[in-house]
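Undergrad:
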Amino acid sequence: MLWQSPKNFQILKANQAHVWRATLIRTEKDLADLSSLLSPQEKERAAKYMVKKAADSFIISRAVLRALLAKYLQIEPQSIVFQQNKYGKLYLDSSLLQFNISHSHGLALFIFALNAPVGIDVEFVRHDYKFTDIAKKFFSKAEVAELFSLPVSQQIQAFFNCWSRKEAFIKALGEGMFSPLDEFSVEVSVSKEGQVRLSYANDDQEGKFWTLEALDPADEYSGAFAVGLAEYTTDFYDFEGLNSFSSKKP
């Protein structure tokens with residue numbers, strides 16, 4: 201998996217997905233510049249956070265999302281008006297551009313595709329996390345069996361891999377945690393790259409419409425993304441700052 205630092209913004213084509221990575225650790229100047237892209241409502245929301253780190257993460261991730269969407273749509277970041285479905289997933293009215301965002305422990309991931317639902321998730325791997333009861337409560341029987349068949353030393357990485365894959369899929373569905381996590385199964389493995397298995401307990405055809413892939417966001421992280429296409433290509437990019445997007449057009 202190659203994360204690129206593009207010299208020129210690349211146009212998003214049909215049957216293609218773009219995945220972007222951005223650090224949420226920025227200077228105060230960067231934070232001020234990014235904050236200027238937010239709507240009044242978003243600034244008000246950021247001000248309500250009790251912890252500055254959480255507020256900064258929201259500001260940066262939302263501003264980067266606006267900056268990237270603006271490049272794809274060739275409009276100003278501040279002119280973007282987000283809509284939310286009843287489960288809280290963001291979308292744009294009257295646009296073929298689909299997107300999703302996730303952030304954890306100072307790192308954010310974004311995914312974009314044309315006319316295809318997408319979902320993405322990143323998780324920081326906490327090696328002291330007590331995952332046994334969580335896995336038994338939320339994972340399918342097949343996933344639990346697969347997880348605990350692995351060597352103990354591999355189980356924590358496999359747990360977060362499984363969690364990020366399930367999260368990415370339900371986010372692509374647009375239902376978030378309202379979708380029962382034990383009604384479908386994903387491949388449980390320590391691998392952090394490549395396509396992974398997805399199946400439904402009651403309807404094995406449902407999973408064939410989707411492609412689910414593991415990705416390696418960085419050391420000590422787990423990630424995955426889902427795309428509502430059977431065939432597509434993916435490019436991976438690093439967001440390096442607003443100066444990379446000085447003009448409207450790609």
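Quick note on numbering: the sequence shown equals residues 201 to 450 in the numbering used here. In this text, a Cβ means the ideal position worked out from N, Cα and C, and glycines have one as well.
Within the region 251-300, note down every full beta strand (DSSP E) run reaching 3 residues or more, in order along the chain.
TA: The qualifying runs do not exist here; there are none.
Undergrad: Going by DSSP, what residue range makes up the alpha helix (DSSP H) through valine 396?
TA: Numbered from 1 along the sequence shown, position 196 holds the residue referred to as residue 396. Careful: valine 396 lies outside any alpha helix (DSSP H) and carries neither H nor E.
Undergrad: For lysine 252 and alanine 217, I'd like the C-alpha separation in whole angstroms.
TA: Here residue 252 is taken as the residue at index 52 of the sequence shown, counted from 1. Here residue 217 is taken as the residue at index 17 of the sequence shown, counted from 1. Looking at the two C-alpha atoms, the distance is approximately 33 Å.
Undergrad: Does DSSP put serine 205 in a helix, in a strand, or in coil?
TA: In the sequence shown, residue 205 corresponds to position 5, counting from 1. In this structure, serine 205 counts as coil in the three-state DSSP scheme.
Undergrad: Looking only at its own chain, which residues have a Cβ that is under 6 Å from the Cβ of lysine 289, when we skip the five neighbours before and after it?
TA: Position 89 of the sequence shown, counted from the first residue, corresponds to residue 289. For lysine 289, where only same-chain residues beyond five positions count, the Cβ hits under 6 Å are Gly374.
Undergrad: If you draw a straight line from the alpha carbon of cysteine 362 to that of glycine 423, how long is it in whole angstroms?
TA: Start at 1 with the first residue of the sequence shown, and residue 362 comes out as number 162. Start at 1 with the first residue of the sequence shown, and residue 423 comes out as number 223. Cysteine 362 and glycine 423: Cα-Cα distance of roughly 9 Å.
Undergrad: Quick one: measure Cβ to Cβ for serine 340 and phenylalanine 384, integer angstroms, because I've assumed they're closer than 8 Å.
TA: Position 140 of the sequence shown holds residue 340. Position 184 of the sequence shown holds residue 384. Indeed they touch by this definition, with Cβ atoms about 7 Å apart.
Undergrad: Which class does tryptophan 363 belong to by DSSP, given the choice of helix, strand or coil?
TA: On the sequence shown, position 163 is the one that residue 363 refers to. Three-state DSSP puts tryptophan 363 in a helix.
Undergrad: Looking at the structure shown, is threonine 227 part of a helix, part of a strand, or coil, going by DSSP?
TA: Along the sequence shown, read from residue 1 onward, the residue named residue 227 stands at position 27. Coil at threonine 227, not helix or strand.
Undergrad: Please go through the same chain and pick out, in chain order, the residues whose beta-carbon is closer than 7 Å to the beta-carbon of alanine 358, but skip the five residues on each side of it.
TA: For the purposes of this step, residue 358 is taken as the residue at position 158 of the sequence shown. These residues qualify, in order along the chain: Leu347, Leu350, Val388, Ser389, Val390.
Undergrad: Exposed or buried, leucine 224, counting other C-beta atoms within 10 Å across all chains shown (16 or more means buried)?
TA: The count along the sequence shown starts at 1 and reaches residue 224 at position 24. Buried: at least 16 other Cβ atoms inside 10 Å.
Undergrad: Please state whether DSSP places arginine 245 in a helix, a strand or coil.
TA: The residue labelled residue 245 in the question sits at position 45 within the sequence shown. Helix, per DSSP.
Undergrad: Suppose the cutoff is 6 Å on Cβ atoms and the five residues either side in sequence are ignored; what does the same chain contact list for isoleucine 280 look like?
TA: Counted from its first residue, the sequence shown places residue 280 at position 80. Around isoleucine 280: Arg266, Leu269.
Undergrad: CB histidine 303 to CB serine 364, shorter than 7 Å?
TA: Within the sequence shown, residue 303 is the residue found at index 103, counting from 1. Within the sequence shown, residue 364 is the residue found at index 164, counting from 1. Against a cut-off of 7 Å, the Cβ pair of serine 364 and histidine 303 comes out as no contact.
Undergrad: Helix, strand or coil for glutamine 216 per DSSP?
TA: Sequence index remark: in the sequence shown, residue 216 carries index 16 (1-based). Note: glutamine 216 maps to strand in three-state DSSP.
Undergrad: Quick check on the DSSP output: the alpha helix (DSSP H) that includes alanine 316 runs from which residue to which?
TA: For the purposes of this step, residue 316 is taken as residue 116 along the sequence shown, with counting starting at 1. Run containing alanine 316: none; DSSP gives neither H nor E here.
Undergrad: Going by beta-carbon coordinates alone, are alanine 426 and phenylalanine 369 separated by less than 7 Å?
TA: As a position in the sequence shown, residue 426 is number 226, starting the count at 1. As a position in the sequence shown, residue 369 is number 169, starting the count at 1. The answer is yes: Cβ separation under 7 Å.
Undergrad: Within 8 Å, do at least three Cβ pairs link the region 230-240 to the region 304-319?
TA: Flag = no, the region 304-319 and the region 230-240 do not touch.
Undergrad: Mapping the DSSP letters down to three states, classify alanine 430 as helix, strand or coil.
TA: The count along the sequence shown starts at 1 and reaches residue 430 at position 230. If DSSP states are grouped into helix, strand and coil, alanine 430 belongs with coil.
Undergrad: Output the boundary residues of the beta strand (DSSP E) element that contains leucine 381.
TA: Start at 1 with the first residue of the sequence shown, and residue 381 comes out as number 181. Taken as a continuous stretch (DSSP letters only), leucine 381 belongs to no beta strand (DSSP E), as it is neither H nor E.
Undergrad: Can you look up alanine 358 in the DSSP assignment and give me helix, strand or coil?
TA: The sequence position of residue 358 within the sequence shown is 158, counting from 1. Looking at alanine 358 - three-state DSSP - the assignment turns out to be helix.
Undergrad: Would you identify the three-state DSSP class for isoleucine 320, choosing helix, strand or coil?
TA: Residue 320 sits at position 120 when you count from the first residue of the sequence shown. The answer is strand: DSSP assigns isoleucine 320 an E or B state.
Undergrad: Measure the alpha-carbon distance for histidine 327 versus lysine 337 and round it to whole angstroms.
TA: Numbered from its first residue, the sequence shown carries residue 327 at position 127. Numbered from its first residue, the sequence shown carries residue 337 at position 137. Roughly 20 Å between the two C-alpha positions.
Undergrad: So, is aspartate 459 buried or exposed, given that buried needs 16 or more other C-beta atoms within 10 angstroms?
TA: Coverage of the chain is limited to positions 201 through 450, which leaves residue 459 absent and any answer about it impossible.
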